[in-house]
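In the numbering used here, the protein residues as written are 6 to 320. Using N, Cα and C, we set each Cβ at its ideal position, and we do this for glycine too.
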Ligand code: C5P
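Here you go:
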């Protein structure tokens, strides 16, 4: 029997999914600058991959290929680079890494693509450097990196509370068929929340939002049974008015998808990607065809959900 420890890998590849918030209810603005959220995350089968390769001590380099790669920063501000640095600091290593990211999730599109890259990087570097962070430690690091990073680790479907990082698994029956319409331009998450706050101060009745909004029982039941009609009717995103205010063309996109037969339409997270739920794969294709003719839409994808969270694919 061979009892030798396997050689440390020189390179590890991990993948992580994008997400749609099928419920995004925004509560009170907290003293720390975040908003209390109740959100229902659904991971979809649109993945970024990150290959982490050993590099000179202390160095992090980032290269990016794939969809809209030119829009992704390759310096220390890249969330994947920050993930590598955070893992290094927490585990007292100065190991180097070259991160190679393949983008499929829209960049700054409201689908947590940067968070997916950070989650995949945590897993890949943890294996590459043999830092042995536990799942609980990885969750804590993910929370430090951003509100959506813990869900990118978890995947499938989950209820998010707090600022989105306190997660509870949710039962979900799939596949659910989605069409994604990627809009021209980007929408930075802080800008969407700032516009949300501005719109709410204009409406005094909304001046005191509930500290933590409730989850919608009808939506949770629809997710559990895979009832696409009920889920389509229950989709809700409190950031949608802000996204529409900043990107007025999204209103026509949402209308186009609904008219083409979608059961429900929603701006994904802080936008500007729009997500449409279809009854089946065939209807999803015809909704996608209709959206592809719209001048306001840059790219259309059909995807299914749920999808697994971040995991290592090659080492
Ligand atoms: O956590 P993350 O870095 O993704 O958040 C980016 C920005 O989005 C925050 O700085 C904040 O402006 C806004 N945000 C918020 N409330 C949340 C999540 C994000 O206000 N629950």
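Buried versus exposed, by CB contacts within 10 Å (16 or more), residue 109: buried
Distance CB(residue 17)-CB(residue 186) smaller than 7 Å: no
Per-residue burial, residue 243 [other beta carbons within 10 Å of its own, 16 or more giving buried]: buried
Rounded C-alpha distance that separates residue 253 from residue 98: 48 Å
Contacts around residue 143, its chain only, beta-carbon distance under 8 Å, and the 5 residues preceding and following it disregarded: 127, 128, 131 and 158
Helix, strand or coil at residue 299 according to DSSP, with G and I counted as helix: coil
Distance cut-off 6 Å: residue 42 Cβ against heavy atoms of the ligand C5P: yes
Nearest residue (CA-CA) to residue 269, options 251, 136, 232 and 96: 232
Nearest to residue 223 (by Cα), restricted to the options 286, 234 and 216: 234
Proximity to residue 194 [Cα-Cα], best of 77, 115 and 60: 115
Nearest neighbour of residue 122, chosen from 86, 43 and 271 [CA to CA]: 86
Three-way DSSP call (helix, strand, coil) for residue 131 in this model: helix
Classification of residue 216 by the beta-carbon crowding that lies within 10 angstroms, buried from 16 upward: exposed
Any non-hydrogen atom of the ligand C5P within 6 Å of residue 63 CB: no
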